[in-house]
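Residue numbers (our numbering): 11 to 133.
Okay, here's the thing in structure tokens:
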């Protein structure tokens with residue numbers, strides 16, 4: 011597993027946090043607060059359908075990503091978006107780290123991100 015400072019540099023503007031206060035209940039969270047800003051042009055391609063680029067729209071994109079690119083993670087991730095934030099949690103820290111790295115790679119490829127987003131459903 012990558013040290014979290016390095017991971018957060020690699021996946022910015024996403025932020026990875028591990029909650030390990032209780033050794034019996036370790037979990038992680040991936041959040042992104044720059045909804046409505048980061049890669050907004052992708053969401054604007056479907057603004058006429060009601061997409062705004064908010065946390066729910068990011069969640070819709072992430073669900074398509076998991077379904078098509080990482081189906082083995084389907085039951086390992088718990089999505090909990092809000093309008094102002096994209097958030098996903100998992101008790102499997104390594105799986106969430108893998109998701110974070112791969113999802114950020116998709117976001118770095120605007121063409122691929124736009125293609126995946128074309129199949130997202132409005133929440």
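Glycine included, C-beta positions come from ideal geometry on N, C-alpha and C.
Shown here for residue 127: same chain residues with a beta carbon closer than 6 Å to its own, the five before and five after excluded, namely 52, 71 in chain order. Taken through DSSP and simplified to helix, strand or coil, residue 100 comes out as strand. According to the DSSP secondary-structure assignment, residue 28 is paired through a beta bridge with 38. Secondary-structure assignment with DSSP links residue 89 through a beta bridge to 98. 109 is the residue among 20, 109, 33, 46 whose C-alpha sits nearest the C-alpha of residue 79. Between residue 100 and residue 27, the alpha-carbon positions lie close to 11 Å from each other.
Rounded to whole angstroms, the separation of the alpha carbons of residue 96 and residue 40 is 8 Å. Residue 113 and residue 22 have their C-alpha atoms roughly 11 Å apart.
Per the coordinates, the alpha-carbon of residue 62 lies some 22 Å from the alpha-carbon of residue 77. With distances taken between CA atoms, residue 116 lies nearest to 24 out of 15, 16, 24, 131. If you compare the alpha carbons of 14, 129, 19 with that of residue 75, the shortest gap goes to 129.
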